[in-house]
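Note that the working numbering has the sequence shown beginning at 73, numbered continuously upward. Contents: one structure, followed by commentary.
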Amino acid sequence: MKKIVFLFAFGLAALFAQAQSPAKIGFADVEYIFSQMPEAKQIETELQTLQTQLKKQYDGKVAEFQKKLQEYQAYGNTVPDAVRQNTERELQQLQQNIQKLEQDSQENLQRKQVQLMEPVYTKVGKAIEEVAKANAFTMILTNQVSGLDVVLYADDQSDISDLVLKKMGITPQAATTNPPKK
Numbered sequence: 073m074k075k076i077v078f079l080f081a082f083g084l085a086a087l088f089a090q091a092q093s094p095a096k097i098g099f100a101d102v103e104y105i106f107s108q109m110p111e112a113k114q115i116e117t118e119l120q121t122l123q124t125q126l127k128k129q130y131d132g133k134v135a136e137f138q139k140k141l142q143e144y145q146a147y148g149n150t151v152p153d154a155v156r157q158n159t160e161r162e163l164q165q166l167q168q169n170i171q172k173l174e175q176d177s178q179e180n181l182q183r184k185q186v187q188l189m190e191p192v193y194t195k196v197g198k199a200i201e202e203v204a205k206a207n208a209f210t211m212i213l214t215n216q217v218s219g220l221d222v223v224l225y226a227d228d229q230s231d232i233s234d235l236v237l238k239k240m241g242i243t244p245q246a247a248t249t250n251p252p253k254k
C-alpha cells in the first residue's frame, strides 16, 4: 500500500513539475518560406500562363460583343424591328456570356491556385512540425494571417523559418517579406 501511495505521489509531483515548465513558443514566416521554395516560381508561372489564356478568351468575347454592337449602331433604323430586336437579344446574351466567363475565369484561377498550393502547404506544414518537435517547441505561430501581422514582437531565436527551409533542403536567401517588429 505504501508503494502505491508513493508511486501516486511521485506521479502527481512529476505531473505538477511538468505543468509548471514554461511553454516554448516559436513562429514561422510561411510567406518567406514559400518565397524561398523552387516550387513558388513554377506555381507562379503556371498561374500566369492560365491567367493569360483566360484573358485571351475574355478579350475575344469582348471584341465579338463590340463588333456586334458597332454593327447594331451602324444600321440604326434602317433594319426591320424584328432584326433589331434579335440583335438586341444577341447583344444581351453576349454581355451575359462575358460576365459569366469573367466569373468562371476567376473561379478557375482560384481553383488552380488551391490545387497547386495544397501540396506545398502540406510539405511546409510537415517540415514545421518536424522542426518544432526536434527543437522542443510546444507551439508554433505564423507571423501573418491574411496579410495582417499576428506576431507583433518575437525574438529572432523564436523564428524557425530558416530551420524549416533547411529541413526541406533549401538554402535560405535574404528575406523578401517584412519580419515581425522588434
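Think of the CB as a built atom: it goes at the ideal place given N, C-alpha and C, for glycine as much as any other residue.
Start-to-end residues for the alpha helix (DSSP H) that takes in Thr121: 110-147
Item checked: Buried versus exposed, by CB contacts within 10 Å (16 or more), Asp231 -> So Asp231 counts as buried.
Classify Phe106 as helix, strand or coil using the three-state DSSP reduction.
helix
Requested in this report: Run through the stretch 185-221 for me and flag every whole beta strand (DSSP E) of 3 or more residues, listed as ranges in chain order.
Outcome: Whole beta strand (DSSP E) segments, 3+ residues: 211-214.
TODO: For Ala246, write down the residues that DSSP places opposite it in a beta bridge.
DONE: For Ala246, which the question treats as bridged, DSSP gives no partner whatsoever.
Looking only at C-alpha atoms, which of Met109, Ile115, Arg156, Gln129 sits nearest to Gln142?
-> Answer by Cα proximity: Arg156.
Between the Cα of Ala112 and the Cα atoms of Tyr193, Asp176, Asn158, which residue gives the shortest distance? The shortest Cα separation from Ala112 among Tyr193, Asp176, Asn158 belongs to Tyr193.
Along the alpha helix (DSSP H) that carries Lys96, what are the first and last residues, could you check?
Premise fails: Lys96 is in no alpha helix (DSSP H) and is neither H nor E.
- Should Tyr104 be labelled buried (16 or more other beta-carbon atoms within 10 Å of its own) or exposed? buried
Quick one: is Asp255 buried, meaning 16 or more other Cβ sit within 10 Å of its Cβ, or exposed? In the structure as shown, the chain starts at 73 and stops at 254, and residue 255 therefore has no counterpart that could be examined.
**Asked** Any idea if Gly98 is buried or exposed, counting beta-carbon neighbours within 10 angstroms, 16 or more meaning buried?
**Response** buried
| request: Tell me, please, which residues DSSP counts as bridged to Asp231. | output: Phe99
Check your understanding: If you run the structure through DSSP and keep just helix, strand and coil, what is Val256?
Key -> This structure cannot speak to residue 256, because the chain is shown only from 73 to 254.
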